[in-house]
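Below: one structure, written as structure tokens.
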Amino acid sequence: MPSLFEKLWQAHIVREEPNEPTLLYIDLHLIHEVTSPQAFEGLRQAGRSVRRPDLTFGTADHNVPTTDRSLPIADAIAAQQIDTLRRNCQEHGIQLFDINSPEQGIVHVIGPELGLTQPGMTIVCGDSHTSTHGAFGALAFGIGTSEVEHVLATQCLPQNKPRTMKVQTSGALSPGITAKDLALGIIGRIGTDGATGYVIEYAGEAVRNLTMEGRMTLCNMSIEAGARAGMVAPDETTFEYLEGRRFAPHGKSWESALEYWRTLGSDEDSFFDKVVQLDATQLEPFVTWGTSPGMVVPITSHVPDPADAKTLADRQAAERALEYMALKPRTSIQDIHIDRAFIGSCTNARIEDLRAAARVVKGYHINSSVTALVVPGSYEVKRTAEQEGLDRVFSEAGFEWREPGCSMCLGMNPDILQPGERCASTSNRNFEGRQGRGGRTHLVSPMMAAAAAIKGHFTDVREWEFK
Amino acid sequence: MERFETFTGLVAPLDRANVDTDQIIPKQFLKRIERTGFGEFLFYDWRYLPDGTRNTKFILNAPRYEGASILVAGKNFGCGSSREHAPWALGEYGFRVIISSSFADIFSNNCFKNGMLPIVLPDVTVLELLQRTQENEGYKLSVNLEKQIVADEIGLTATFQVSPFQKYCLMEGLDDIGLTLRNEALITEYEERKRAS
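Protein chains in written order, with numbering that gives the first Met the number 0: chain A, 0 to 466; chain B, 0 to 196.
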């Protein structure tokens with residue numbers, strides 16, 4: 000039986016010729032303010048139109064301020080970019096969830112939330128974390144601006160067929176170990192280019208047991224292992240999440256959709272070019288120590304010594320990373336003190352992430368040496384959190400409670416680290432300068448970030464005293 | 000798009016692995032709505048010190064690499080964000096060819112869309128190229144896309160792989176949206192099939 004990927008690939012072929020990339024049909028195209036303006040400009044210059052505005056949806060998320068939205072945007076160039084998105088969507092009849100609309104949020108949070116993301120779809124967006132949507136059993140991948148233009152004009156994309164990799168987990172995750180730790184554990188194991196050229200399918204007990212939000216976190220990080228996409232076969236968890244959502248099929252269409260979706264899973268004998276086995280019971284909470292997501296160790300461990308690296312290139316990379324991160328080899332991870340904590344991003348800003356972090360925070364106050372930020376992934380997440388009183392838990396503990404957006408994950412808006420500041424972050428990239436020039440990022444789960452904010456240094460959340 | 004057939008240029012070495020697109024073009028420069036104006040910000044945090052002056056220690060700032068148009072770099076070049084601003088910045092700075100032992104998928108695609116050629120060579124060859132670049136001032140490489148060969152003037156020759164379609168588009172300077180639109184009938188047919196099911 001063909002794998003999930005193979006089924007989706009076959010179902011979307013518009014044209015297939017030898018020695019040419021396959022022309023694939025795209026079911027859903029998500030756009031945002033940063034990677035779309037040049038694509039629309041290209042259309043205009045070539046006198047082309049948007050083929051399927053009804054399959055295209057926009058939101059502003061990357062550069063939006065997370066402070067009071069009733070005020071004008073202080074950054075004139077950012078404001079112009081948002082304005083350009085608005086004009087382009089208007090001109091081409093594309094539905095836009097604008098910065099003050101109740102649906103606004105990070106593109107990879109609102110797609111699933113609105114039920115736009117569905118099993119069996121091909122989904123693209125000019126953003127590498129589009130892999131998130133694979134959690135629903137969709138083939139979802141990030142594209143560049145020229146490809147955004149291509150999809151706008153043709154609703155198709157020529158693609159070379161990627162190879163397939165199965166990450167087969169065995170056993171369940173222990174308490175305190177989250178989808179983020181599973182993702183970091185996989186990247187630590189296969190490396191940041193370990194899945195380059197592949198689409199990953201995640202399988203096994205630990206993956207099946209994840210909620211949809213956990214699966215999104217896992218698939219989101221696929222790109223950090225170099226993968227073209229990550230996916231999880233749809234099951235009852237998927238269908239339960241989707242039922243009744245605004246853009247999900249309703250009534251009779253829901254029934255026929257379900258029937259199709261149930262046929263999508265891979266089988267025991269499905270072919271994969273590569274299989275990676277992972278014992279999920281052995282995973283611990285992870286913390287990155289370097290400037291690449293693959294530079295990661297368990298909380299109980301220490302900063303590695305570059306001298307132990309396997310190759311010269313790895314050793315040089317580790318030395319450079321430690322210099323940038325201002326860390327000494329063999330420092331215990333729990334002895335690393337932080338200045339900032341960021342709970343947010345398309346990786347970890349959904350309601351379950353905020354609930355998990357709030358459970359840690361409840362009854363505590365953040366350390367006097369730390370400033371901390373919670374940025375919900377969408378207005379929907381924000382509203383739900385406020386109904387549950389999570390905003391008060393965070394505020395009373397000294398966290399700032401903000402408006403939704405990408406925020407300090409990439410620091411395109413005013414939320415950035417100052418040079419030398421060290422941050423426990425629930426985002427996805429610890430690259431040099433990612434959160435602000437000279438800023439030092441340690442990637443962790445929401446619970447680990449919350450615990451670090453309170454202690455002032457990294458700590459093992461498995462030993463946390465919940466109040 | 001400018002055609003790519005043969006190309007000879009000065010080589011610059013960037014002996015680092017996992018050079019991500021955040022390094023190639025930092026986020027504060029992504030707010031432009033044009034495809035141009037990114038070259039001056041290429042590798043900004045490495046090329047310039049925090050006070051805005053040139054970082055003379057950064058290799059691309061060395062006078063001998065001024066005017067370089069071929070970049071040789073460590074593995075997994077262009078990883079991270081999908082931002083096409085990265086090849087725009089590299090191209091505007093003057094690079095037409097990037098050589099590494101591996102590229103991130105999206106970055107590699109983005110290069111081809113902009114008339115730039117990412118060449119994958121084995122680790123040992125990349126190391127050799129880095130060494131030759133450093134040892135020979137004014138070191139140049141010639142690239143023949145038709146024959147899929149890279150060669151220098153002192154005896155090194157290497158062949159590389161490129162997909163036939165990407166090669167064709169690059170050599171003809173083709174707009175691949177135009178190519179896809181030739182399949183209008185097939186696209187419509189697909190859409191109708193889908194509507195019916």
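Glycine included, each C-beta is placed from N, C-alpha and C at the ideal position.
None of the values given here were measured: they were computed from a predicted structure.
Would you kindly work out how many angstroms separate the C-alpha atoms of residue i and residue j, rounded to a whole number?
i: A/GLN276; j: A/GLY175; result: 22 Å
i: A/SER331; j: A/ASN427; result: 22 Å
i: A/LEU326; j: B/THR20; result: 24 Å
i: A/ASN347; j: A/PHE96; result: 21 Å
i: A/GLN315; j: B/GLU4; result: 36 Å
i: A/GLU395; j: A/GLY388; result: 11 Å
i: B/LEU116; j: A/ASP234; result: 42 Å
i: B/GLY90; j: B/LEU41; result: 10 Å
i: B/LEU129; j: B/CYS78; result: 20 Å
i: A/VAL147; j: A/GLY125; result: 6 Å
i: A/GLY293; j: A/ARG436; result: 21 Å
i: B/THR124; j: B/VAL18; result: 19 Å
i: A/THR129; j: A/THR58; result: 14 Å
i: A/SER367; j: A/THR163; result: 48 Å
i: B/LEU144; j: B/ARG2; result: 11 Å
i: A/PRO118; j: A/ILE185; result: 24 Å
i: A/ALA10; j: A/GLN154; result: 15 Å
i: A/THR287; j: A/ASN429; result: 8 Å
i: A/LEU263; j: B/TYR138; result: 54 Å
Say whether chain B places a C-beta atom closer than 8 Å to the C-beta of residue i.
i: A/VAL198; result: no
i: A/SER344; result: no
i: A/GLY46; result: no
i: A/VAL108; result: no
i: A/GLY136; result: no
i: A/CYS155; result: yes
i: A/HIS149; result: yes
i: A/THR121; result: no
i: A/ASN62; result: yes
i: A/VAL274; result: no
i: A/ASN159; result: yes
i: A/GLY455; result: no
i: A/VAL295; result: no
i: A/VAL166; result: no
i: A/GLY125; result: yes
i: A/GLU19; result: yes
Report yes or no: is there a C-beta of chain A within less than 8 Å of the C-beta of residue i?
i: B/GLN22; result: yes
i: B/PHE164; result: yes
i: B/PRO25; result: yes
i: B/GLU83; result: yes
With burial defined as no fewer than 16 other Cβ atoms inside 10 Å of the residue's Cβ, what is the status of residue i: buried or exposed?
i: B/SER80; result: buried
i: B/PRO49; result: exposed
i: B/GLU65; result: exposed
i: A/ASN99; result: exposed
i: B/PRO163; result: exposed
i: A/PHE500; result: No answer is possible for residue 500 of chain A: the residues shown for chain A start at 0 and end at 466.
i: A/ASP307; result: exposed
i: A/ASP67; result: exposed
i: A/LEU70; result: exposed
i: A/ASN18; result: exposed
Look up residue i in the DSSP assignment and give the residues it is bridged to.
i: A/LEU277; result: A/THR168
i: B/ILE97; result: B/LEU70, B/PRO117
i: A/MET141; result: Checking the sequence, you will find Gly at residue 141 of chain A rather than Met. DSSP, once it has assigned bridges, lists A/CYS124 as partnering A/GLY141.
i: A/GLU200; result: A/LYS165, A/MET230
i: A/SER424; result: A/PHE341, A/LEU442
i: A/THR55; result: A/HIS28
i: B/CYS78; result: B/ASP19
i: A/CYS155; result: A/TYR24
At a CB-CB cut-off below 9 Å, which residues of chain B make contact with residue i?
i: A/MET215; result: What A/MET215 touches in chain B: nothing, since even the nearest Cβ is about 18 Å away.
i: A/ALA152; result: ILE176, THR179, LEU180
Could you name the residues of chain B that residue i contacts, counting a contact when the two beta carbons are closer than 8 Å?
i: A/ASP459; result: Simply none; closest approach about 28 Å.
i: A/GLU322; result: Ordered by position in chain B, no residue passes the 8 Å Cβ test against A/GLU322, which lies about 13 Å from the chain.
Could you tell me which chain A residues have their CB closer than 9 Å to the CB of residue i, listed as they occur along the chain?
i: B/GLU33; result: PRO36, GLN37, GLU40
i: B/PRO49; result: PRO418, ARG436, GLY437
i: B/GLY8; result: What B/GLY8 touches in chain A: nothing, since even the nearest Cβ is about 23 Å away.
i: B/GLY172; result: Within 9 Å Cβ-Cβ: nothing; B/GLY172 doesn't reach chain A, min ~14 Å.
Please list, in chain order, the chain A residues whose beta carbon lies closer than 7 Å to that of residue i.
i: B/ASN17; result: THR191, SER291, ALA316
i: B/LEU29; result: VAL33, MET411
i: B/ALA195; result: Ordered by position in chain A, no residue passes the 7 Å Cβ test against B/ALA195, which lies about 13 Å from the chain.
Anything in chain B within Cβ reach of residue i, meaning under 7 Å, just list it in chain order.
i: A/LEU22; result: THR179, ASN182
i: A/VAL13; result: ASN182, LEU185, ILE186, TYR189
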